[in-house]
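K.L.:
Residue numbers (the working numbering): 1419 to 1877.
The beta carbon of each residue, even a glycine, is placed where N, CA and C say it ideally should be.
None of the values given here were measured: they were computed from a predicted structure.
1) Within 10 Å of its beta-carbon, does residue 1643 have 16 or more other beta-carbons around it, so buried, or fewer, so exposed?
2) Secondary structure at residue 1617, three-state DSSP: helix, strand or coil?
3) Where does residue 1693 sit, in a helix, a strand or coil, going by DSSP?
4) Check the DSSP bridge columns for residue 1775 and list the partner residues they point to.
5) Should residue 1697 be flagged as near chain C, meaning a C-beta pair shorter than 8 angstroms?
6) Around the Cβ of residue 1542, are there at least 16 other Cβ atoms within 10 angstroms (buried) or fewer (exposed)?
7) Assess, as a yes-or-no matter, whether the segment 1788-1806 is touched by the segment 1631-1649 under the definition of 3 or more beta carbon pairs within less than 8 angstroms.
8) Excluding the five sequence neighbours on either side, which residues of its own chain have a C-beta within less than 6 angstroms of the C-beta of residue 1718, listed in chain order?
9) Could you pull out every unbroken alpha helix (DSSP H) segment of at least 4 residues lying fully inside the segment 1798-1825, listed in chain order?
10) So residue 1540 and residue 1713 are supposed to be a Cβ contact under 8 angstroms. How far apart are they, rounded?
11) CB-CB under 7 angstroms to residue 1460, same chain, minus the five flanking residues each way: which ones, in chain order?
12) Under 8 angstroms between the Cβ atoms of residue 1590 and residue 1771?
13) Just how far apart, CA to CA, sit residue 1741 and residue 1749?
14) Rounded to the nearest angstrom, what separates residue 1767 and residue 1759 at their Cα positions?
15) Could you tell me how far apart the beta carbons of residue 1465 and residue 1583 are, in whole angstroms, since I believe they sit closer than 8 angstroms?
16) Can you tell me whether DSSP reads residue 1630 as helix, strand or coil?
17) Identify the residues that DSSP records as bridge partners of residue 1498: which are they?
18) Where do the N-terminal and C-terminal ends of the alpha helix (DSSP H) with residue 1843 fall, by residue?
19) Just checking my contact of residue 1708 with residue 1487 at CB under 8 angstroms: how many whole Å lie between their CB atoms?
20) Over the uninterrupted alpha helix (DSSP H) stretch that includes residue 1560, give me the two end residues.
21) Can you grab the Cα-Cα spacing for the pair residue 1720 / residue 1658, in whole Å?
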């Protein structure tokens, strides 16, 4: 065995060429999961959903904004959050009130408006953390609440994974197996990018299948190359200005409860990885501020919510280079790629079956992370109060498939299943006696409170 490598906190000692390569590694680590979000959302919105270019632009810009808010101290990358996929799917399917006669493209800005409000909730929590401290706040958001909510997010998306995969089960299974292979048996860098490898390898297989004359189950072509030929090499991302409506806000905003807990867990994990206490310096109030502003800004102009990426924490552990400047280089790369439409259109030709195969792992992982949240924090289900809280969240989150619609004045408001589950969970946890969770007592559990929905590697 070789000698243990020393951590590098100042990458300038390595020279600019190596810094550039390290930045590229961070970009590749986040790339597969980040671009998969707009691809999935486009499926919900029948091709009129999020733009890959806009998504990459705000992943880069959001990361730079986060670094500014966190005093340039935290080596975190902000990519697309998978937690809001259920919200996007719900808004796409709204067909009551003002949404009854809207096209999918007309619904998208309202979903983005909900993302803006979700981002602003981060700012509220950041202020609360600043005023009263992390332990008191987390007492009201224990894993018995956040765990089942995360489980519901994943399971509510399961039908779409089956639907997409059914277009071509052979391709879907190949994509699924490739992700599993790299996730379990991959070494070094390969282990960090299983989603990207699943997409790339299965896409190559799809190209071969098409060349051999194979088609999808319904007889359609596996890949449509037409958009690539007409795409420009250079172009400005197609930004969409957000619109605001109570129904869409109530769909999207409550999801922030789960993603804010994810943020706390990721900052704890980065702290443990780099041997720095980022929870105290620059402080959770500053990192939440950065994440919230990045999310709100992205939503305002038609991008998905951002979140701190576990994949990039994995890159930190792999490389032992903890300099935030390297992550900022990756952010600049993401912004540059966002201005190359041809790349975005190549990505847009991704067969839905491949997306379905990837989603088998991804959506299941979301729920599995919710289970892990509960297990790592040793939630005691011999206590009736914990059973009741979890049971109500799970039944509400999966049972109210159409939500609850009511009218206030002339406004029609729909509470989605996830919103109902989150509200009931928080309220029950607050009023039922016996809440014994104290943030900080179980460090391993706290680190894994909110492991990124995109981080599917072995710990």
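P.N.:
On the basis of the supplied data:
1) For this step, residue 1643 is matched to residue 225 along the chain shown. Exposed, by the Cβ-count rule.
2) Mapped onto the chain shown, residue 1617 falls at position 199. Under the three-state reduction of DSSP, residue 1617 is assigned to helix.
3) The count along the chain shown starts at 1 and reaches residue 1693 at position 275. In the structure shown, residue 1693 falls within a coil segment according to DSSP collapsed to helix, strand and coil.
4) For the purposes of this step, residue 1775 is taken as the residue at position 357 of the chain shown. None, per the DSSP bridge assignment.
5) Of the protein chains in this structure there is only one, and it is not chain C.
6) Residue 1542 sits at position 124 when you count from the first residue of the chain shown. By the 10 Å Cβ count, residue 1542 comes out exposed.
7) Contact fails: fewer than three Cβ-Cβ distances are below 8 angstroms.
8) The sequence position of residue 1718 within the chain shown is 300, counting from 1. Cβ within range, chain order: 1534, 1660.
9) As far as the segment 1798-1825 is concerned, its whole alpha helix (DSSP H) runs of at least 4 residues are 1802-1817.
10) Here the question's residue 1540 lines up with position 122 in the chain shown. Here the question's residue 1713 lines up with position 295 in the chain shown. With a beta-carbon spacing of about 7 angstroms, residue 1540 and residue 1713 fall inside the 8 angstroms limit used to define contacts.
11) Sequence index remark: in the chain shown, residue 1460 carries index 42 (1-based). The residues are 1467, 1468.
12) If you number the chain shown from 1, residue 1590 lands on position 172. If you number the chain shown from 1, residue 1771 lands on position 353. Result yes, Cβ atoms of residue 1590 and residue 1771 sit closer than 8 angstroms.
13) In the chain shown, residue 1741 corresponds to position 323, counting from 1. In the chain shown, residue 1749 corresponds to position 331, counting from 1. Looking at the backbone, the Cα of residue 1741 and that of residue 1749 are separated by about 14 angstroms.
14) If you number the chain shown from 1, residue 1767 lands on position 349. If you number the chain shown from 1, residue 1759 lands on position 341. Distance from the CA atom of residue 1767 to the CA atom of residue 1759, rounded to whole angstroms, is 13 angstroms.
15) The residue you call residue 1465 lines up with position 47 of the chain shown. The residue you call residue 1583 lines up with position 165 of the chain shown. Not quite, the Cβ-Cβ distance comes to about 19 angstroms (not below 8 angstroms), so this is no contact.
16) Along the chain shown, read from residue 1 onward, the residue named residue 1630 stands at position 212. The three-state secondary structure of residue 1630, taken from DSSP, is coil.
17) The residue labelled residue 1498 in the question sits at position 80 within the chain shown. Answer is 1724.
18) Your numbering for residue 1843 matches position 425 in the chain shown. It spans 1835-1849 - the alpha helix (DSSP H) in which residue 1843 sits, taken as one unbroken run.
19) As a first step, residue 1708 must be located in the chain shown, where it is residue number 290. As a first step, residue 1487 must be located in the chain shown, where it is residue number 69. About 3 angstroms; that satisfies the 8 angstroms criterion.
20) The count along the chain shown starts at 1 and reaches residue 1560 at position 142. Taken as a continuous stretch (DSSP letters only), residue 1560 belongs to no alpha helix (DSSP H), as it is neither H nor E.
21) The sequence position of residue 1720 within the chain shown is 302, counting from 1. The sequence position of residue 1658 within the chain shown is 240, counting from 1. Going from the Cα of residue 1720 to the Cα of residue 1658 covers about 4 angstroms.
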